[in-house]
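Top to bottom, those sequences are chains B and F. Each residue of the first sequence is one higher than the one before, counting from -4 in the working numbering. Each residue of the second sequence is one higher than the one before, counting from -4 in the working numbering. Read the structure below first, then the notes.
Protein chains: 2
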Amino acid sequence: MPKDGERGAGGRVTLQTLADHLGVSRTTVSNAYSRPDQLTAKLRRRILKAAEELGYPGPHPAARSLRRGRAGAIGLVLTETLPYAFGDPYAVNFLQGIAAATEPAGVGLLLLPLSREDTTAEAITGAAVDGFCLFSLPDGHPALTAVLRRRLPVIVVDEPRSAGLPYVGIDDRAAFRSATEHVLDLGHRRIAVAAYRVRFDGHDGWADSARQAGATFPATRERLAGAREACGRAGVDWGSVPVTESAPNEHESGLRAGRRLLGLDPRPTAIVAMSDVLAFGVLEAARELGLRVPENVSVVGFDDVAAAAAADLTTIRQSGKEKAATAARYLLIGEGPESVLLPHELVVRGSTGPPA
Amino acid sequence: MPKDGERGAGGRVTLQTLADHLGVSRTTVSNAYSRPDQLTAKLRRRILKAAEELGYPGPHPAARSLRRGRAGAIGLVLTETLPYAFGDPYAVNFLQGIAAATEPAGVGLLLLPLSREDTTAEAITGAAVDGFCLFSLPDGHPALTAVLRRRLPVIVVDEPRSAGLPYVGIDDRAAFRSATEHVLDLGHRRIAVAAYRVRFDGHDGWADSARQAGATFPATRERLAGAREACGRAGVDWGSVPVTESAPNEHESGLRAGRRLLGLDPRPTAIVAMSDVLAFGVLEAARELGLRVPENVSVVGFDDVAAAAAADLTTIRQSGKEKAATAARYLLIGEGPESVLLPHELVVRGSTGPPA
DNA sequence: GCCGCGTACTGTATCGATACAGAAACTGGA
DNA sequence: TCCAGTTTCTGTATCGATACAGTACGCGGC
C-alpha cells in the first residue's frame, strides 16, 4: 500500500496522491509543475485545479533538490554573529551587492553566521546550497575546512587569501599604505593606527608587535604591513607607532580606540583607521576631548561608506557592492577570472590636514 | 550495479561508497554522523578517517532533509528588494533579532526578497524551510498565497493582520495617534503627515483621500486612521492635512517628502513621519530651507532607531528586535501566544516644541 | 547450561520527487 | 492506405540518506 498515495489519516499530499486521484501518472503531475510544455494546457489546468482542492503544496523542495542535484541557493559564511554583521555598513553594502545578484536569478541566500565559539561549523555541513561565499574569515578558521569538505564552488571575499581559492578583494597593503602616506605627506610624524581585529579572539586593546606578528586576519596583517612600509619610507620608526585593535567593527569600538589613542602623551596628531565606522568612533572621542579635526588631530577612515561623505571623512574608497557582484557572478554562472583585485582610491576630505 | 556505491569515474562519494569500502553497512556509516552513540568510538573513528581519505562530504543535506522531514532553516519573506531592506535600520534591527534567535539554534536563515514585479513568488514555492516569517507584506500579495500553499508554520510581523495568521506587531493606530496628539497638544494646528508606502506600486508623492482609502499596507492604513482620530478629537479638519507618501523607506525619500511638505504655503508647523528614516530626510529638508527645529517646524519620527537619539528626534519607540524574538520563538519551538501586540511608547526629545 | 538483557551492527523500506526510455495516439504526406 | 514523425503520457530506476525492526553476540545470575 505504501506506493498508493491516497491520503491516509493525517497523511501528506504528494505527487502520487494527486496522480492517483486524477488517474494519471506521477510523472505527468510532476511535468505539470516542472515542464509545462510536456502536457496539454487542458490537462495541466485540471492537475493544478485538483492540486488546489487537495491541498498539494507543490513539489517538495528537498525531494526535488535531491533528484535534480541542485539546491537553488548559495551560502554566505560570515564571521561575527549576524547581529554585528548587519550593524557594519561595509558588510551591509556587501550583502546588498550579493542580494542584487541572487535575487533576479531566483537563487536563495542562506546566511551562515559563525560565532567565535562555533568550532564545528555544523551549519555549513548541513547547508542545502550549491556554493559558498566566504566573507572575511581569519586564517585557519574551522569553517574553511568544513566548506572545503563539501566540495562545492567557493569564493573568498577579502580574507583569507592564503587558501588558494578564487578570491575577490583589494590590495589591502597598498591601500592602507596610501592612507598612511597621506598623513605622512601632510607632515605628521606622531601617527597612530586604529586597527580592525588582528585575531579572532575578541581582544579589544593595544596590539603590540608580538600580536601584530601573530595576526590571523590577513587583511589586517597586510594593512599593518602597508602602514609599516609607509613609515619606513618616511623615516618614522614603526616601533613607536601605537596600534590599537578593535572588535567588532562598530562605532562603540572606535570610540574606545579613539579614547585610548587620544589619551596618549604625547598625543598622536593623526590617526589612521581600518574602517570608517572605527573612524567615526575616533571622531567622537576627539569631540569628547574638545579636540578639533583636522587642526588638532587628523583622521583617516577606510571603506568610504555612505556616511563618510556626510561626516567629511578622508578615507580609502573600496566597493563592497562591486566585490559582491563579482563573487556572485562567479558562483551563479561560473563566470569571470578566478581571482580579482578590485581598485581602491584615496578620497581626501576635510578630516585630514597638516599638523598644527 | 547501481546499488554498489564504489566510486565510478567522476562518481560521487556517498554513504554507500564508504560502507562498501569499509565492509560495514550503510546504516552504520550514517550512525557515525547522526547517532554517534550507536556504534563504538573505535569504529566511528575508523569511518570518519576513511571519509576523510575518500573525500566524503558528509551526509547530503537534501537527502537528509527529505528523509528526516525537516529542512533546518526558516524563510524570511521581505517585500522590497534586499538591497533596500538592508538600508532600513528598522528592518536591520529586525534581522538582527531574527538572527539572534536562529543562530544559537543552529537553524539557517533563508532570505526571500520579493520584488514588486515578482508575482509568482517561486522562491517561496521552492524554499527548503520549516516555516516562514512574513515581514511587512501588503494585503493580497501573491507571496501570501504561495506561503499558505506550503502548509508550514507561518508568522506575520507588522503586516498584514487580515490573514488570520499568528501575528506580531504593535497597535499602529494608537501609536501614530499618540504621535499626532503630541504635536496637537503642543498647540500645532497646521500639521502634515509623511507616510510610508500606502500601496505596493512605488508611488512617491501626494496621497490624496482616494489613495488613502485604497491603502493596501495595513500598518500605514491604521496609522493614518490614528492620525485622523487625533485630528478629529482636536478639531482639526483631516481633509486639510497634507499627506505625502514615500517609498522606499530611506533617507532620500524622506528628503523629497520634506521638500514637498515644507514647500507648501502655508507651511506646516509640524510634520509627523511614519519612520525615523523619513524623519531624518525631513530634518535635512528643513536644514536646506534654513528652518530651525523645533522653532520653525516640529518633526516626529517612528521606530526609535539608534540614530534617533543622536539626532534628538522625538519618536515612537517600538522594538524590531523584540518582534523578531517573538516571531522566532514561535517558529522555532512553537512557543508563545499565537498573536501578540507589543508595547510602543512616545519618546519626547528636542525635535518637537510649541509652534512659534 | 540456560535465560534474560543490553550493546553493536545489519537489512529493508521509505522519504518525494525527476530523468529517461518507451508506448500510445495523432498528424500529415506520398 | 501506410509509414515516418510528433505529441502526449506512462513506468521504472534512481537521487542519498534515515527509521525501525531484527540479528548476533557478550555477560551476569540462578
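Glycine is no exception: its CB is placed at the ideal position from the N, C-alpha and C atoms. Computed from a predicted structure; not experimentally measured.
Give a yes or no on whether the C-beta atoms belonging to residue 122 of chain B and residue 70 of chain B are separated by under 7 Å.
-> Mapped onto the first sequence, residue 122 of chain B falls at position 127. Mapped onto the first sequence, residue 70 of chain B falls at position 75. The answer is yes: Cβ separation under 7 Å.
Cα-Cα separation, residue 295 of chain B to residue 103 of chain F = Within the first sequence, residue 295 of chain B is the residue found at index 300, counting from 1. Within the second sequence, residue 103 of chain F is the residue found at index 108, counting from 1. The alpha-carbon atoms of residue 295 of chain B and residue 103 of chain F are separated by roughly 37 Å.
Flag residue 250 of chain B as yes when its Cβ comes closer than 6 Å to any non-hydrogen atom of the ligand MG, and as no otherwise.
-> This structure does not include the ligand MG; it has no bound ligands of any sort.
From residue 141 of chain B to residue 168 of chain F, what does the alpha carbon distance come to, in whole angstroms?
-> Against the first sequence, residue 141 of chain B aligns to sequence position 146. Against the second sequence, residue 168 of chain F aligns to sequence position 173. In this model, residue 141 of chain B and residue 168 of chain F are separated by some 49 Å (Cα to Cα).
Just the chain F side, please: which residues come within less than 9 Å of residue 40 of chain B by C-beta, in chain order?
-> What you label residue 40 of chain B is simply residue 45 of the first sequence in a count that begins at 1. Within 9 Å Cβ-Cβ: nothing; residue 40 of chain B doesn't reach chain F, min ~16 Å.
Residue 7 of chain F (DSSP reduced to helix, strand or coil) = The residue given as residue 7 of chain F occupies position 12 in the second sequence. Shown here, residue 7 of chain F sits in coil according to DSSP, grouped into three states, outside any helix or strand.
Under the rule that 16 or more other beta-carbon atoms within 10 Å means buried, what is residue 4 of chain F, buried or exposed?
-> Looking up residue 4 of chain F in the second sequence gives position 9. The pLDDT assigned to residue 4 of chain F is 41, lower than 50, so where the model puts this residue is not dependable, and the model offers no usable value.
Can you tell me the Cα-Cα spacing of residue 244 of chain F and residue 225 of chain B, whole angstroms?
-> Locating residue 244 of chain F in the second sequence gives position 249, where the first residue counts as 1. Locating residue 225 of chain B in the first sequence gives position 230, where the first residue counts as 1. So the two alpha carbons sit approximately 43 Å from each other.
Taking the Cβ atom as the reference point for each residue, do residue 307 of chain F and residue 345 of chain F lie within a distance shorter than 7 Å?
-> For this step, residue 307 of chain F is matched to residue 312 along the second sequence. For this step, residue 345 of chain F is matched to residue 350 along the second sequence. With respect to residue 345 of chain F, residue 307 of chain F sits close: the two C-beta atoms are nearer than 7 Å.
Touching or not, the stretch 245 to 253 of chain B and the stretch 278 to 293 of chain B, by the rule of three or more beta carbon pairs under 8 Å?
-> By the C-beta criterion, the stretch 245 to 253 of chain B is judged to be in contact with the stretch 278 to 293 of chain B, since at least 3 inter-stretch pairs fall below 8 Å.
What do you get for residue 326 of chain B, buried or exposed, if any count of 16 or more other CB atoms within 10 angstroms of its CB means buried?
-> Walking along the first sequence from the start, residue 326 of chain B turns up at place 331. Under this definition residue 326 of chain B is a buried residue.
Whole beta strand (DSSP E) elements within the stretch 125 to 182 of chain F, 3-residue minimum = With a minimum length of 3 residues, the continuous beta strand (DSSP E) runs that stay inside the stretch 125 to 182 of chain F are 127 to 130, 149 to 152 and 162 to 165.
CA-to-CA distance, residue 26 of chain B to residue 148 of chain F, given in whole angstroms = Counting from one through the second sequence, the residue named residue 148 of chain F turns up at place 153. Counting from one through the first sequence, the residue named residue 26 of chain B turns up at place 31. Approximately 27 Å, taken between the alpha carbons.
Neighbour list for residue 107 of chain F in chain B, Cβ cutoff strictly below 8 Å = As a working mapping, residue 107 of chain F is identified with position 112 in the second sequence. The answer, in chain order, is 103.
In chain order, which beta strand (DSSP E) runs of at least 3 residues are fully inside the stretch 18 to 74 of chain F?
-> Listed in chain order, the complete beta strand (DSSP E) runs (minimum 3 residues) inside the stretch 18 to 74 of chain F are 68 to 74.
From residue 73 of chain F to residue 109 of chain F, what does the alpha carbon distance come to, in whole angstroms?
-> On the second sequence, residue 73 of chain F is found 78 positions in, with the first residue counted as 1. On the second sequence, residue 109 of chain F is found 114 positions in, with the first residue counted as 1. As the crow flies, the alpha-carbon of residue 73 of chain F is around 6 Å from that of residue 109 of chain F.
Among B:264, B:133, B:269 and B:339, nearest to residue 211 of chain B - alpha-carbon criterion | Reading the first sequence from its first residue, position 216 is the one you call residue 211 of chain B. Closest by alpha carbon: B:133.
Residue 293 of chain F: first and last residue of the uninterrupted beta strand (DSSP E) it sits in | As a position in the second sequence, residue 293 of chain F is number 298, starting the count at 1. Boundaries of the beta strand (DSSP E) around residue 293 of chain F: 293 to 295.
Residues of chain F with CB under 7 Å from residue 145 of chain B, in chain order?
-> Here the question's residue 145 of chain B lines up with position 150 in the first sequence. The CB of residue 145 of chain B comes closer than 7 Å to the CB of 52 in chain F, given here in chain order.
On a CA-only basis, which of B:82, B:341 and B:127 is nearest residue 319 of chain B? Give me that one, please.
-> Taking the first sequence and counting its residues from 1, one reaches residue 319 of chain B at position 324. Considering only alpha carbons, the answer is B:127.
Could you confirm whether any beta carbon from chain B is found closer than 7 Å to the beta carbon of residue 12 of chain F?
-> Taking the second sequence and counting its residues from 1, one reaches residue 12 of chain F at position 17. It does not: the Cβ of residue 12 of chain F has no partner Cβ on chain B nearer than 7 Å.
In the DSSP assignment, find the unbroken alpha helix (DSSP H) run with residue 315 of chain B in it and report its ends.
-> Counting from one through the first sequence, the residue named residue 315 of chain B turns up at place 320. Element bounds for residue 315 of chain B: 315 to 328.
Along the chain, where does the alpha helix (DSSP H) that runs through residue 253 of chain B open and close?
-> Within the first sequence, numbered from 1, the residue matching residue 253 of chain B stands at position 258. First-last of the alpha helix (DSSP H) with residue 253 of chain B: 246 to 257.
Inter-residue spacing [alpha-carbon to alpha-carbon] between residue 310 of chain F and residue 338 of chain F = Counting from 1 along the second sequence, the entry for residue 310 of chain F is found at position 315. Counting from 1 along the second sequence, the entry for residue 338 of chain F is found at position 343. Each residue's alpha carbon lies about 14 Å from the other.
Does the beta carbon of residue 86 of chain F come closer than 7 Å to any beta carbon on chain B?
-> Counting from 1 along the second sequence, the entry for residue 86 of chain F is found at position 91. Answer no: the Cβ-Cβ gap between residue 86 of chain F and chain B never drops below 7 Å.
Classify residue 119 of chain B as buried or exposed, calling it buried when 16 or more other Cβ atoms lie within 10 Å of its own Cβ.
-> Taking the first sequence and counting its residues from 1, the one referred to as residue 119 of chain B is at position 124. Result: buried.
If you run the structure through DSSP and keep just helix, strand and coil, what is residue 115 of chain F?
-> As a working note, residue 115 of chain F is residue 120 in the second sequence. Note: residue 115 of chain F maps to coil in three-state DSSP.
Can you tell which of B:340, B:165, B:160 and B:316 has its C-alpha closest to the C-alpha of residue 174 of chain B?
-> For the purposes of this step, residue 174 of chain B is taken as residue 179 along the first sequence, with counting starting at 1. The option with the nearest alpha carbon to residue 174 of chain B is B:340.
Are the C-beta of residue 61 of chain B and some C-beta of chain F separated by less than 7 Å?
-> For this step, residue 61 of chain B is matched to residue 66 along the first sequence. So, interface residue.
Does any C-beta atom of chain B lie closer than 7 Å to the C-beta of residue 309 of chain F?
-> Position 314 of the second sequence, counted from the start, is the residue given in the question as residue 309 of chain F. Residue 309 of chain F does not count as touching chain B.
For a contact meaning CB atoms closer than 8 Å, what does residue 276 of chain B contact in chain F?
-> Taking the first residue of the first sequence as position 1, residue 276 of chain B is located at position 281. Those do not exist, as residue 276 of chain B stays about 13 Å from chain F at its closest Cβ, beyond 8 Å.
CA-to-CA distance, residue 350 of chain F to residue 262 of chain F, given in whole angstroms = In the second sequence, counting from the first residue as 1, residue 262 of chain F sits at position 267. In the second sequence, counting from the first residue as 1, residue 350 of chain F sits at position 355. Within the model, the alpha-carbon separation for residue 262 of chain F versus residue 350 of chain F is close to 12 Å.
Select from B:13, B:93, B:268 and B:237 the residue whose C-alpha is nearest the C-alpha of residue 47 of chain B.
-> Taking the first residue of the first sequence as 1, we reach residue 47 of chain B at position 52. The candidate whose alpha carbon is nearest that of residue 47 of chain B is B:13.
Starting from residue 388 of chain F, find everything on chain B with Cβ-Cβ shorter than 7 Å and list it in chain order.
-> Residue numbering for chain F in the displayed model covers -4 to 351; residue 388 of chain F lies beyond these limits and cannot be assessed.
Nearest-angstrom Cβ-Cβ length linking residue 324 of chain B and residue 96 of chain B, presumed shorter than 8 Å | Mapped onto the first sequence, residue 324 of chain B falls at position 329. Mapped onto the first sequence, residue 96 of chain B falls at position 101. Correct: roughly 7 Å between the Cβ atoms.
So, are the CB atoms of residue 214 of chain B and residue 154 of chain B less than 7 Å apart?
-> Within the first sequence, residue 214 of chain B is the residue found at index 219, counting from 1. Within the first sequence, residue 154 of chain B is the residue found at index 159, counting from 1. Yes, the pair counts as a contact, with Cβ atoms nearer than the cut-off.
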